[in-house]
Amino acid sequence: MRNIKWIRPAVLALATAAMAGLTAATAATASAAPTAPVRVVDLGTLGGPYSEATAINDRGQVVGGSSIDPDVFSDWHAFRWDRGRMADLGTLGGNGSRATGINERGDAVVGWSQLTPGDYDTTHAFLWRAGRMIDLGTLGGSRSYATGVNDRYEVAGFSETVNGQLHAVVWRHGRLIDLGTPDDQTSTATAINNRGTIVGEVRADMNTTVPVLWRPSSRTDLPVPAGEFGAAAQAVNDKGDVAGYSFGPIGNSAYLWRNGQVTALGTLPGSTGARAMGINNHDQVVGNTDFDAFVWQNGKMTALPALVPAGAGTGSGAADINNHGQIVGQSESSADGFTQHAVIWTH
Numbered sequence: 041m042r043n044i045k046w047i048r049p050a051v052l053a054l055a056t057a058a059m060a061g062l063t064a065a066t067a068a069t070a071s072a073a074p075t076a077p078v079r080v081v082d083l084g085t086l087g088g089p090y091s092e093a094t095a096i097n098d099r100g101q102v103v104g105g106s107s108i109d110p111d112v113f114s115d116w117h118a119f120r121w122d123r124g125r126m127a128d129l130g131t132l133g134g135n136g137s138r139a140t141g142i143n144e145r146g147d148a149v150v151g152w153s154q155l156t157p158g159d160y161d162t163t164h165a166f167l168w169r170a171g172r173m174i175d176l177g178t179l180g181g182s183r184s185y186a187t188g189v190n191d192r193y194e195v196a197g198f199s200e201t202v203n204g205q206l207h208a209v210v211w212r213h214g215r216l217i218d219l220g221t222p223d224d225q226t227s228t229a230t231a232i233n234n235r236g237t238i239v240g241e242v243r244a245d246m247n248t249t250v251p252v253l254w255r256p257s258s259r260t261d262l263p264v265p266a267g268e269f270g271a272a273a274q275a276v277n278d279k280g281d282v283a284g285y286s287f288g289p290i291g292n293s294a295y296l297w298r299n300g301q302v303t304a305l306g307t308l309p310g311s312t313g314a315r316a317m318g319i320n321n322h323d324q325v326v327g328n329t330d331f332d333a334f335v336w337q338n339g340k341m342t343a344l345p346a347l348v349p350a351g352a353g354t355g356s357g358a359a360d361i362n363n364h365g366q367i368v369g370q371s372e373s374s375a376d377g378f379t380q381h382a383v384i385w386t387h
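Just so we're aligned: the sequence shown equals residues 41 to 387 in the working numbering.
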């Protein structure tokens, strides 16, 4: 139950192109109005104008990234938000960092950080425990990214190899393990559940991207829906159900892979597509359309309220949902669209 929106613009563009599946694609109904009162709460920032929440656990603890200076172009730091307080987790020595996952125990946070001030090209995955950020290293390249962590402290992510390729990896018992990507392919791991099941995608070439589920002893390629270019798995719950989205001729479409079936989640009125980014153990799925964050359950997609009304340059997106139905993500916090804050949606 987590997502990696922060690293997608910079890195996943290298390894991601698509996501979807077919076997029984079932269209979902959509609604623009919430069926139950939902309120959106601004989590604030670390001092700058921007922040975004990427993951939440069942304790209601939230992680993400925030700018640290009023300057619009200031550096970002990983944060952990707990009971109304946003704490700066620092860096591994460089200018910036992001947190992308937290376990249910609440004692482990993962993400990535730059290592040296002024060097924006070298980034390493980190595990934060007991107030200390630990460098998880790489497969020989200059970059690695952690995207999820479970209660056994197994960490999923991806790393650059000595040849400059991105490979899906898991850090288990202190060891960095390549999940077995062929040398002519690129892969990323985006989430891990408490059973050690990992999801992500494998990209054979610019036109072939397949969503993948890795178990400790096997790999399963998830089906790509008919007519789509490819798909990306973004989140997995403890039952092994997977949420993600496809890339196709008309843009992104949100999907749920469950019990061998693939369900199309639809979109909201007025939107051209959707991306599913998080899922909980009750198969509630969250994500975003063109401008609106959404929650999907029981075949129905519902828009979530924003801090300001949606409009030109404004909007919101949901990243993760816990088993109590609390949702996190980000929302534009000013009508001009120049500020964005981490938020939590709760009943």
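Glycine residues also receive a C-beta, built at the ideal position from the N, C-alpha and C atoms.
Through-space distance from residue j to residue i, alpha-carbon basis
i, j, result
"ASP128", "SER227", "30 Å"
"TYR193", "GLY146", "11 Å"
"PHE198", "ALA294", "23 Å"
"THR312", "GLY130", "38 Å"
"ARG123", "LEU206", "37 Å"
"THR75", "ARG255", "Note on THR75: pLDDT 48, under 50, position unreliable in the model; no value is reported."
"ALA273", "ILE217", "20 Å"
"THR342", "LEU219", "36 Å"
"PRO309", "GLY240", "29 Å"
"THR69", "GLY204", "Unreliable placement is indicated for THR69, whose pLDDT of 34 sits below 50; no coordinate value is reported for it."
"ASN328", "GLY270", "19 Å"
"GLY267", "GLY214", "42 Å"
"ASP175", "GLY158", "18 Å"
"GLY236", "ALA196", "9 Å"
"TYR285", "LYS279", "19 Å"
"TRP121", "ARG298", "31 Å"
"HIS364", "PHE334", "16 Å"
"VAL210", "GLY87", "33 Å"
"ALA64", "GLU144", "Low per-residue confidence applies at ALA64: pLDDT is 32, beneath 50, and the placement is therefore not dependable, though the value from the model is reported in the following sentence. In a straight line, the C-alpha of ALA64 is about 33 Å away from that of GLU144."
For residue i, the three-state DSSP class (helix, strand or coil)
i, result
"ARG192", "coil"
"TYR160", "coil"
"ASP223", "coil"
"ASP128", "strand"
"SER374", "coil"
"GLY104", "strand"
"ALA266", "coil"
"ASP147", "coil"
"ALA343", "strand"
"THR140", "strand"
"LEU305", "coil"
"HIS381", "strand"
"ALA271", "strand"
"LEU179", "strand"
"GLY133", "coil"
Presumed contact (8 Å Cβ cut-off) between residue i and residue j, rounded CB distance
i, j, result
"ALA444", "VAL150", "The chain is shown only over 41 to 387; residue 444 falls outside these bounds and no answer can be derived."
"SER182", "THR162", "5 Å"
"ALA93", "VAL348", "Between VAL348 and ALA93 the Cβ distance is about 17 Å, and since that is not below 8 Å, they are no contact."
"GLY105", "TRP116", "5 Å"
"VAL252", "VAL242", "5 Å"
"ASP330", "LEU344", "Rounded, the Cβ-Cβ distance is 14 Å, inconsistent with contact."
First and last residue of the uninterrupted beta strand (DSSP E) at residue i
i, result
"ARG255", "248–255"
"ASN328", "325–328"
"LYS279", "LYS279 -> no beta strand (DSSP E), and no H or E assigned at all."
"ARG315", "315–319"
"TYR295", "291–298"
"THR94", "91–96"
"SER258", "258–261"
"ARG79", "79–84"
"ARG243", "238–245"
"PHE331", "Per DSSP, PHE331 belongs to no beta strand (DSSP E) and is neither H nor E."
"ASP207", "The question names Asp, yet the displayed sequence has His at residue 207. Where HIS207 is concerned, the enclosing beta strand (DSSP E) stretches over 206–212."
"ASP109", "From DSSP, ASP109 is part of no beta strand (DSSP E); its letter is neither H nor E."
7 Å Cβ cutoff met for residue i and residue j
i, j, result
"VAL368", "ASP376", "no"
"ASN338", "ILE96", "no"
"LEU155", "LEU132", "yes"
"GLY318", "ALA346", "no"
"THR140", "THR187", "yes"
"LEU296", "ALA283", "yes"
"ASN190", "ILE232", "yes"
"GLY357", "GLN370", "yes"
"TRP385", "VAL102", "no"
"HIS381", "ASP82", "yes"
Near the ligand HEM: residue i beta-carbon under 6 Å from a heavy atom
i, result
"ARG298", "As presented, the structure is devoid of all ligands, the ligand HEM included, so that no description of it is given."
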